[in-house]
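> One structure, pasted below without further comment.
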Amino acid sequence: MLSQSRFRHAASPGRTSLRRIVERAAPLVSAALLSAAAHAADDSLTNRQGDITPLCGTKPMIVGVSDGYGGNTWRKTGLAEVKDELSRCKNVKRIIYSNANGDPQKANSDINSMVAQGVNVLIMLPDFGAVQLPAMRSAMKAGVSVVPYSAQIAGVAGRDYVVNVVGDTKEIGVLWADWLGASVRKGNVVFLGGSPGAAGSQNFMDGLKAGLRKYPDMKLLNEQFVVTNWSPVDAQKATAGLIAQYPQINAIVTDYGVTAFAAAKAFEQAHLPVPAIVTIASNNELNCHYLAKKKSGASFPYYTLDGTTTYVRFAVRHGVASYQGTSDKESPAVLPFAYADSAKGLDPKCDPSAPPDADLSSALPPEKLKAVFEQ
Numbered sequence: 304m305l306s307q308s309r310f311r312h313a314a315s316p317g318r319t320s321l322r323r324i325v326e327r328a329a330p331l332v333s334a335a336l337l338s339a340a341a342h343a344a345d346d347s348l349t350n351r352q353g354d355i356t357p358l359c360g361t362k363p364m365i366v367g368v369s370d371g372y373g374g375n376t377w378r379k380t381g382l383a384e385v386k387d388e389l390s391r392c393k394n395v396k397r398i399i400y401s402n403a404n405g406d407p408q409k410a411n412s413d414i415n416s417m418v419a420q421g422v423n424v425l426i427m428l429p430d431f432g433a434v435q436l437p438a439m440r441s442a443m444k445a446g447v448s449v450v451p452y453s454a455q456i457a458g459v460a461g462r463d464y465v466v467n468v469v470g471d472t473k474e475i476g477v478l479w480a481d482w483l484g485a486s487v488r489k490g491n492v493v494f495l496g497g498s499p500g501a502a503g504s505q506n507f508m509d510g511l512k513a514g515l516r517k518y519p520d521m522k523l524l525n526e527q528f529v530v531t532n533w534s535p536v537d538a539q540k541a542t543a544g545l546i547a548q549y550p551q552i553n554a555i556v557t558d559y560g561v562t563a564f565a566a567a568k569a570f571e572q573a574h575l576p577v578p579a580i581v582t583i584a585s586n587n588e589l590n591c592h593y594l595a596k597k598k599s600g601a602s603f604p605y606y607t608l609d610g611t612t613t614y615v616r617f618a619v620r621h622g623v624a625s626y627q628g629t630s631d632k633e634s635p636a637v638l639p640f641a642y643a644d645s646a647k648g649l650d651p652k653c654d655p656s657a658p659p660d661a662d663l664s665s666a667l668p669p670e671k672l673k674a675v676f677e678q
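Rendered as structure tokens:
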């Protein structure tokens with residue numbers, strides 16, 4: 304899961320061994336995934352997208368996309384991913400989009416409105432958590448296949464939604480730990496999360512803690528995640544405080560690329576070497592900065608897991624399969640792929656003409672991704 308709402312493959316793997324999937328996906332997927340294969344056998348990799356065509360069925364369908372905080376580039380990219388995925392189903396008659404602009408009451412009203420307009424499949428990012436469950440449950444009772452994605456939501460699969468498609472936060476934390484153990488090997492680690500009490504950030508940290516037990520020379524300095532509210536300003540302030548508190552920090556782990564970039568800037572402004580930066584959901588600004596530093600000879604160790612805008616494609620496939628009565632055997636627990644890995648010489652993409660918050664790890668064809676940036 305990507306921590307709550309901060310973003311304001313080969314054919315379905317099913318029970319296939321993740322080790323075999325990763326081997327087919329090399330070199331894009333970090334070797335760290337191999338070490339996690341034993342306990343992640345059912346997870347779906349974001350760079351191994353399934354084929355929706357056998358799932359499309361024959362019944363005409365209207366698909367709704369309900370967004371709580373639309374407008375930024377990540378959200379726009381996700382909507383474009385939905386449209387691109389559904390373009391393979393010739394029986395899609397209409398796609399309806401709604402944006403609640405941060406208003407939970409409007410979000411529920413949007414869902415009710417879509418049901419009234421006859422949507423058959425509803426894909427939604429549940430930005431407002433449990434408050435949206437009654438509207439989701441009503442939609443399911445009306446025969447709509449509801450699939451929330453990206454954020455964890457309480458509820459019962461089969462009653463409140465079909466499945467909840469989320470990133471496997473604990474497994475991602477283990478992958479971070481494996482990279483740190485192999486690449487940094489020894490030193491102090493701090494973890495920056497999002498808003499106070501954010502379940503996603505806590506799950507990421509739990510996974511990181513569990514993974515680091517295998518590496519006694521890597522010490523996690525904070526017992527609770529450092530609050531940043533996923534804000535670059537707050538993240539930079541928090542990192543400055545950590546620099547003052549701890550004389551030696553060897554790695555910064557964050558659950559959002561924006562906070563990772565802010566942490567790196569805090570070290571630079573303090574005239575200190577940037578420690579290893581480990582994150583998920585990087586963006587164009589962070590990746591361009593890393594490449595610029597590498598070119599200048601002032602590089603820092605860097606590892607990021609990406610492909611998060613494609614989570615919605617898994618949601619679409621599950622929703623379509625549910626409505627059409629076809630079978631999608633992909634796991635709803637999704638694993639992003641290694642998009643940058645300085646230890647392996649894997650560089651991320653950088654596009655100076657794209658927005659700073661652009662996610663270039665999208666599964667969109669280049670021309671469609673460019674069109675998103677021009678909106």
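Residue 304 is where the sequence shown starts when you use the numbering used here, and the numbers rise one by one after that.
Cβ coordinates follow ideal geometry from the N, Cα and C atoms, glycine included.
Note that the structure is predicted; figures quoted are calculated from it, not measured.
1. Candidates LEU478, VAL450 and ALA646: which alpha carbon is nearest ILE414's?
2. Can you tell me the Cα-Cα spacing of TYR614 and LEU672, whole angstroms?
3. What three-state label does DSSP hand TRP349 in the structure shown?
4. What is the DSSP secondary structure of SER602, counted as helix, strand or coil?
5. Nearest to SER448 by alpha carbon, out of LEU575, GLN627 and ALA661?
6. Kindly indicate which three-state DSSP category LYS512 falls into: helix, strand or coil?
7. Figure out for me which residue from VAL556, ASN467 and ASN586 has the closest Cα to the Cα of LEU495.
8. Would you mind stating whether GLY381 and PRO407 have Cβ atoms separated by less than 9 Å?
9. Determine, using beta carbons only, whether PRO578 and PHE617 come nearer to each other than 9 Å.
10. Given this structure, state the Cα-to-Cα distance separating ASP654 from GLY446, to the nearest angstrom.
11. Checking 9 Å against the spacing of the C-beta atoms, do ILE365 and GLU388 come in under that value?
12. Does the Cβ of SER599 have 16 or more other Cβ atoms within 10 Å, making it buried, or fewer, making it exposed?
13. Does the beta-carbon distance from VAL623 to GLY405 come in below 9 Å?
14. Less than 9 Å between the beta carbons of ASN506 and GLY484, yes or no?
15. In angstroms with no decimal places, state the Cα-to-Cα distance between LYS568 and VAL434.
The structure says:
1. Working through the sequence shown from its first residue, we reach residue 414 at position 111. Of the listed residues, the one whose Cα sits closest to ILE414 is VAL450.
2. The residue labelled residue 614 in the question sits at position 311 within the sequence shown. The residue labelled residue 672 in the question sits at position 369 within the sequence shown. Cα-Cα distance, rounded: 16 Å.
3. In the sequence shown, the residue the question calls residue 349 occupies position 46. What sits at residue 349 in the sequence shown is Thr, not Trp. The answer is coil: DSSP assigns THR349 none of H, G, I, E or B.
4. Residue mapping note: residue 602 aligns to position 299 of the sequence shown, counting from 1. If DSSP states are grouped into helix, strand and coil, SER602 belongs with coil.
5. Here residue 448 refers to the residue found at position 145 when the sequence shown is read from its first residue. For the residues LEU575, GLN627 and ALA661, the minimum Cα distance to SER448 belongs to GLN627.
6. Taking the first residue of the sequence shown as position 1, residue 512 is located at position 209. In this structure, LYS512 counts as helix in the three-state DSSP scheme.
7. Position 192 of the sequence shown, counted from the first residue, corresponds to residue 495. Ranking the options by Cα distance to LEU495, first place goes to VAL556.
8. Here residue 381 refers to the residue found at position 78 of the sequence shown. Here residue 407 refers to the residue found at position 104 of the sequence shown. Contact flag unset, no.
9. Walking along the sequence shown from the start, residue 578 turns up at place 275. Walking along the sequence shown from the start, residue 617 turns up at place 314. No.
10. For this step, residue 654 is matched to residue 351 along the sequence shown. For this step, residue 446 is matched to residue 143 along the sequence shown. Cα to Cα, the separation comes out at about 43 Å.
11. For the purposes of this step, residue 365 is taken as residue 62 along the sequence shown, with counting starting at 1. For the purposes of this step, residue 388 is taken as residue 85 along the sequence shown, with counting starting at 1. Their beta carbons are not under 9 Å apart, which means ILE365 does not touch GLU388 by this criterion.
12. Residue numbering aside, residue 599 sits at position 296 when the sequence shown is read from its first letter. Looking at its Cβ environment, which holds fewer than 16 other Cβ atoms inside 10 Å, SER599 is exposed.
13. Position 320 of the sequence shown, counted from the first residue, corresponds to residue 623. Position 102 of the sequence shown, counted from the first residue, corresponds to residue 405. Not a contact, by the Cβ cut-off of 9 Å.
14. Taking the first residue of the sequence shown as position 1, residue 506 is located at position 203. Taking the first residue of the sequence shown as position 1, residue 484 is located at position 181. Against a cut-off of 9 Å, the Cβ pair of GLY484 and ASN506 comes out as no contact.
15. Here residue 568 refers to the residue found at position 265 when the sequence shown is read from its first residue. Here residue 434 refers to the residue found at position 131 when the sequence shown is read from its first residue. Whole-angstrom Cα-Cα distance: 37 Å.
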